[in-house]
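Engineer:
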Amino acid sequence: MSKPKVLISRRWPAAVEAKLQQLFDTTLNSDDRPLNADEFRLALQNYDAVCPSVCDALPAEVLNVANKRCRILGNFGVGYNHIDIAAARAQDLVVTNTPGVLTESTADIAMTLLLMTARRGAEGDRLVRSGQWRGWCPTHMMSSDVTGATLGLIGFGRIAQAMARKAHHGFGMKILYVKPSPADPEIVADLQAVRCETVEELLPQCDFVSLHCPGGADTRHLIDERRLNLMKPSAHLINTARGDVVDSKALIRALREKRIAGAGLDVYEGEPHLDPGFLELENAALLPHLGSATIATRTAMGERVLANLQAFFAGQAVPDRVV
Ligand code: DGY
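Residue numbering for the sequence shown is 266 to 588, as defined by my numbering.
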């Protein structure tokens, strides 16, 4: 029997690519160039499985292509807001993601950004490199304490909870969270976490606000001008979720006018083409979507896609099926 034809949209860790090649008739993307909409349409017509990554847009106009051969989209990533899920469902396409395996590494990056923005890490690095540092002095680059400060989490899923553990047990931070329903009482007790009913209730109480909600239409510009104005002028915003959860223009204005103290960002509206306004801000620490970018995590993500494809083609229940 011939092996299923599988297309991988970008380079994956070599160990997983090798396994994919053993198991399936796999086409790799050896030059790692992002595919365009027409190339995805062609892929859907010629492969049994297409494996996009989180920055490959798959709107209805692409998924609705005629003469489709593809039956499963094995997404390399936990977020799937780049795939039109309603269109996938209507087209009987199975969609899978990679939950669980990137929790700790993404929470680590959220903590990294929190520390960078609080302690002006990126700014300090730029200063040293520029040759302009004039030496230690008592008032130079003073910043905000992290230990003992209050962290507010918007969304309280796996990654938010992992960040809360690091912040509370590592840095003695007080934890507030917003979530539609109360979290598991054991987790709440361990973190001494306090639930807020609304984002409006949480924002004015926090020294740091970290975003952990999914992207998509429901959360687009959840953090807008009005909500930024509810934050303390000394507070910092951390975003490792999705760029469009924050209104970029409003955030740039708030940072420029010092209505909030700083931001640590891993994701951007329209990334990698972020608003150039961010580049001029000393009080923004900017990372290039590194949340899950450790060797072990990216390998585990690939393994997870592989397990989903194997189950699907063996006619078994698909572990990480979202549609
Ligand atoms: C995901 O998996 O959704 C992450 O954004 C990748 O880092």
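For every residue, glycine included, the Cβ atom is placed at its ideal position computed from N, Cα and C.
Everything numeric in this text was worked out from a predicted model, so none of it was measured.
Look at the alpha carbon of Val319 and the alpha carbon of Leu502, and state the distance between them as a whole number of angstroms.
Structural biologist: 23 Å
Engineer: Put Ile273 into one of helix, strand or coil per three-state DSSP.
Structural biologist: strand
Engineer: Under 8 Å, with one C-beta from each stretch per pair, do the stretch 433-445 and the stretch 492-507 reach the 3-pair mark?
Structural biologist: no
Engineer: Going by CA-CA distance only, name the one from Ala582, Ile273, Leu309 that's closest to Asp297.
Structural biologist: Of the listed residues, the one whose Cα sits closest to Asp297 is Ile273.
Engineer: For the alpha helix (DSSP H) containing Arg485, name the first residue and the last one.
Structural biologist: Per DSSP, Arg485 belongs to no alpha helix (DSSP H) and is neither H nor E.
Engineer: May I have the straight-line CA-CA distance separating Arg521 from Ala528, to the nearest angstrom?
Structural biologist: 11 Å
Engineer: Determine whether the beta carbon atoms of Lys523 and Asn548 lie at a separation below 9 Å.
Structural biologist: For Lys523 and Asn548, yes; Cβs fall inside 9 Å.
Engineer: Assuming Pro530 is part of the beta strand (DSSP E), what are its boundary residues?
Structural biologist: For the record, residue 530 in the displayed sequence is Leu; it is not Pro. For Leu530, the enclosing beta strand (DSSP E) stretches over residues 527-530.
Engineer: DSSP three-state label for Asn301, please.
Structural biologist: coil
Engineer: From the DSSP secondary-structure annotation, give me the bridge partner or partners of Arg507.
Structural biologist: Per DSSP, none; premise fails for Arg507.
Engineer: Considering only the alpha carbon of each residue, which of Arg275, Leu288, Ala314 lies closest to Asn301?
Structural biologist: Cα-wise, what sits closest to Asn301 is Arg275.
Engineer: Please give the ranges of any beta strand (DSSP E) in the stretch 356-409, keeping only runs that are unbroken, at least 3 residues long and fully inside the region.
Structural biologist: Entirely contained in the stretch 356-409, the beta strand (DSSP E) runs reaching 3 residues are, in chain order, 359-361.
Engineer: Determine contact between the stretch 414-426 and the stretch 367-375, defined as no fewer than three beta-carbon pairs at a distance below 8 Å.
Structural biologist: Under the three-pair Cβ rule at 8 Å, the stretch 414-426 counts as touching the stretch 367-375.
Engineer: Below 9 Å between beta carbons: does that hold for Phe341 and Thr371?
Structural biologist: no
Engineer: Opposite Lys333 in the DSSP bridges: which residues?
Structural biologist: Paired residue(s): none; Lys333 is not in a bridge.
Engineer: Please indicate yes or no: does the CB of Phe496 lie closer than 8 Å to some heavy atom of the ligand DGY?
Structural biologist: It should be noted that the sequence gives Met, not Phe, for residue 496. Within 8 Å of the C-beta of Met496 there is not a single heavy atom belonging to the ligand DGY.
Engineer: Does Lys497 come out as helix, strand or coil in the three-state DSSP assignment?
Structural biologist: coil
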